[in-house]
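Some notes on the structure that comes next.
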Amino acid sequence: MEATHGGPTASRRRPVRAVRPIPPDLDTPSLVIDLEVLERNVADLQRVADEAGVRLRPHTKTHKCPDIARMQLDAGASGITVAKLGEAEVMVEAGIDDILVAYPIVGQAKLARLRALLERATVRTTTDSVEVSEGLARVGRDLGRPVPVLVEVDTGLHRVGRAPGRPTVELVTEIARISGIDVVGLLTHAGHAYRASGVEELRSIAEREGRDLVETAERCAAAGVPIREISVGSTPTARVVAGVAGVTEIRPGTYVFNDVQQMRLGVADEGSCAARVLVTVVAHPTDERFVLDAGTKAFTSDGSDGPPFAGRGVVAGRPELRLDFMNEEHTVGHRTGPDDVSIGERLEVIPLHVCSTVNMFDEAVGVRGGALVRTFAIAGRGRMR
Ligand SMILES: Cc1ncc(COP(=O)(O)O)c(C=O)c1O
0 MEATHGGPTA SRRRPVRAVR PIPPDLDTPS LVIDLEVLER NVADLQRVAD
50 EAGVRLRPHT KTHKCPDIAR MQLDAGASGI TVAKLGEAEV MVEAGIDDIL
100 VAYPIVGQAK LARLRALLER ATVRTTTDSV EVSEGLARVG RDLGRPVPVL
150 VEVDTGLHRV GRAPGRPTVE LVTEIARISG IDVVGLLTHA GHAYRASGVE
200 ELRSIAEREG RDLVETAERC AAAGVPIREI SVGSTPTARV VAGVAGVTEI
250 RPGTYVFNDV QQMRLGVADE GSCAARVLVT VVAHPTDERF VLDAGTKAFT
300 SDGSDGPPFA GRGVVAGRPE LRLDFMNEEH TVGHRTGPDD VSIGERLEVI
350 PLHVCSTVNM FDEAVGVRGG ALVRTFAIAG RGRMR
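To convert, note that position 38 of the sequence shown is 37 in numbering that gives the first Met the number 0; the numbers rise steadily by one, no gaps.
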């Protein structure tokens, strides 16, 4: 049984690791972005792409924010990736003009919006079927120029796409015959890398991701359809797959902020996690148990927890504080050692999955050296159509 909490005790001690300063007048819960870490992450992946001689087309699903997309482009990104047309519309509205919509576009309403986007910006999209391609081709014929498409390949996630090799080659040759569409490349997303059990498995998934596409592209060329673009990438696989010969473009997204999932995979640490949710301790009913003022309405229920980072998020700099469960507006945690919290104290929580957390906020605040420097509008949040 838990003991009743009687306030801070003699055993209370300072945080185990250094925590960066928090702007004192910021209300909670707030989404806080450390600008220095963000800038470092943006520059770091750009360097990976540049050194490997591939283009970086970051997936903006992580930040959903035109200002951060602009930072990525200014650092050298060749364009951006989005999932939904609504996200593309937000980015085009903000003046970003080279966009890959990496999602099958189905239905008249969406095809009309794609057409409008194609008239305003350089837009590519993806397909893994003749049916989707027929719709895209109608838009191309109507516009008087073919719609550039990448055919999505399943390299192990088992989401969208046919298997590499013959199933994809057959599909590509069939799609290439449709007038109004231009098959510019092959695309895959190795999301199954998130299930990798260690560094070795991660590396082999990343190598497979690249090689499967390059080999399939060679077979497409032999079948009469030359492939110009080999587009791959996730945050866990980006550094390895960028180096696979034949890859032309990588599309990591989460790397801008990082999160506990990336920490668990060993591709990030607390110091490279740029986005955190600032919360307040609002209850401490027993000696061990404490309650924070944000739950699934801020963090969502997304992301699985597991060793070595047990719990529903990581409290930055406070490894002895464990977050056990979330309700809509509460996170309940307990302390596993002498480090304690007090009511009114503010903590920074690194989310399990940062992309879905960002989607819950209208804006984020950018801090530098503990001072609030700017706000970011998360203009693409909620754009699910
Ligand atoms: C098609 C596609 N490309 C790229 C990415 C970016 O991957 P990550 O979030 O691991 O950076 C995603 C993520 O969901 C995706 O679905």
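C-beta atoms are modelled at their ideal positions from N, C-alpha and C, and glycine is treated no differently.
- Going by DSSP, Ser132 is part of no beta strand (DSSP E) but of the alpha helix (DSSP H) stretching over 129-142.
- Between Leu142 and Arg114, the beta carbon gap of about 6 angstroms places them in contact (Cβ cut-off 8 angstroms).
- In terms of CA proximity to Ile174, Val131 leads the group Ala108, Val131, Glu347.
- Between Gly252 and Thr124, the CB-CB gap reaches or exceeds 8 angstroms.
- Sorting Met325, Glu86, Cys272 by C-alpha distance to the C-alpha of Phe298 places Met325 at the top.
- Assigned with DSSP and collapsed to three states, Ile204 falls in helix.
- The Cβ atoms of Arg19 and Gly369 lie closer than 8 angstroms to each other.
- Note on the stretch 145-198: whole beta strand (DSSP E) runs with a minimum of 3 residues are 146-151, 180-186, in chain order.
- By the criterion of at least three beta-carbon pairs nearer than 8 angstroms, the stretch 270-283 is in contact with the stretch 246-260.
- Remark: the C-beta of His157 is outside contact range of ligand 1, defined as less than 7 angstroms to any heavy atom.
- Annotation: the stretch 21-57 contains the following complete segments of the alpha helix (DSSP H) (minimum length 4 residues), in chain order: 34-51.
- In the same chain as Ala222, and ignoring 5 residues on each side of it, the C-beta atoms closer than 6 angstroms to its own belong to Val168, Thr172, in chain order.
- With respect to Ala378, Cys64 sits close: the two C-beta atoms are nearer than 8 angstroms.
- The continuous stretches of alpha helix (DSSP H) do not include Leu291, which lies in the beta strand (DSSP E) extending over residues 288-291.
- Put simply, of Arg288, Ala42, Ile79 the residue whose alpha carbon is nearest the alpha carbon of Thr335 is Arg288.
- Listed in chain order, the beta strand (DSSP E) elements of length 3 or more contained wholly in the stretch 304-348 are 320-325, 330-334.
- Here the residues close to ligand 1, judged by CB distance below 5 angstroms to any of its heavy atoms, are His58, Ala101, His188, Ser233, Thr234, Arg250, Pro251, Gly252, Thr253 in chain order.
- In the displayed model, Thr124 falls within a strand according to three-state DSSP.
- Between the alpha carbons of Glu228 and Ile249 lies a distance of about 10 angstroms.
- When beta bridges are read from the DSSP output, Gly365 appears opposite Ile32, Arg373.
- Per DSSP, reduced to three states, the secondary structure at Arg112 is helical.
- Per DSSP, Arg238 is one residue of the alpha helix (DSSP H) stretching across 237-240.
- In the structure shown, Asp97 adopts extended strand secondary structure according to DSSP, grouped into three states.
- With contacts defined by Cβ atoms closer than 8 angstroms, Thr374 and Val364 form a contacting pair.
- Checking the DSSP bridge columns, you'll see Ile79 partnered with Ile98.
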